[in-house]
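Notes for the one structure printed next.
Residue numbers (the working numbering), protein chains in the order written: chain R, 2 to 114; chain S, 21 to 130.
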């Protein structure tokens, strides 16, 4: 079982503020790092799949960076809106468990107006 | 385009009963997965399948059985349900990287 850790566990953000949070993972046998957005009472939906060290991905106001050498990824939300409220999951795929994802416990983001 | 569906969406059963949760996908994805959602753990992998007739254990397989006779279906059976199996169960499918999740089945074992 791979140790994929997310911090913080939860955070509260004022509407309009920007925020970021971390996913850390073992750097050995790295293949890909996924980010998923999971709204309450819905299913997780993929945000980004990142495979290369130094990768930066962006979708609207949400972006992510990846450092495979030190084993971490940041997710950024710029100008948070109430609709950004969700749990954000990261998940690791390694070369010796291709196809399988090890999920972190998630960061719950609550954006208040 | 139905995508990936799960049935039932809600189920209440008694301890010791056998329960089968169904998962069906219309994309012909090779990979299929079963996860359970547990507080503090996020999603934990129960079983996965790389193709029809190929299945393997995940992180928490005890008490569960799977089969995959057809590419599009991946049923999960709880052979003798226990209260600790009360959870929300998600099925997912994938062809390469990104996994697509079903709507989930909320199972309560009384």
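Think of the CB as a built atom: it goes at the ideal place given N, C-alpha and C, for glycine as much as any other residue. The structure displayed is predicted, hence computed values, not measured ones.
- If you look at residue 47/S, you'll find it isn't in any beta strand (DSSP E); DSSP assigns it neither H nor E.
- The way I'd put it, the stretch 82-100 of chain R doesn't touch the stretch 76-88 of chain S; fewer than three beta-carbon pairs between them come closer than 8 angstroms.
- Beyond the five residues adjoining it in sequence on each side, residue 15/R comes within less than 8 angstroms, by CB distance, of 81, 112, 113 in the same chain, given in chain order.
- Separation of residue 112/S and residue 120/S (C-alpha to C-alpha, rounded to the nearest whole angstrom) is 5 angstroms.
- Shown here for residue 63/R: same chain residues with a beta carbon closer than 6 angstroms to its own, the five before and five after excluded, namely 78 in chain order.
- At a beta-carbon threshold of 7 angstroms, none of the residues of chain R lie near residue 83/S; the nearest stands roughly 18 angstroms away.
- CA-CA distance, residue 31/R to residue 100/R, rounds to 12 angstroms.
- Cβ atoms of residue 84/S and residue 102/S stay farther apart than 8 angstroms, at about 11 angstroms.
- When secondary structure is reduced to three states using DSSP, residue 118/S falls in the coil class, being assigned neither helix nor strand.
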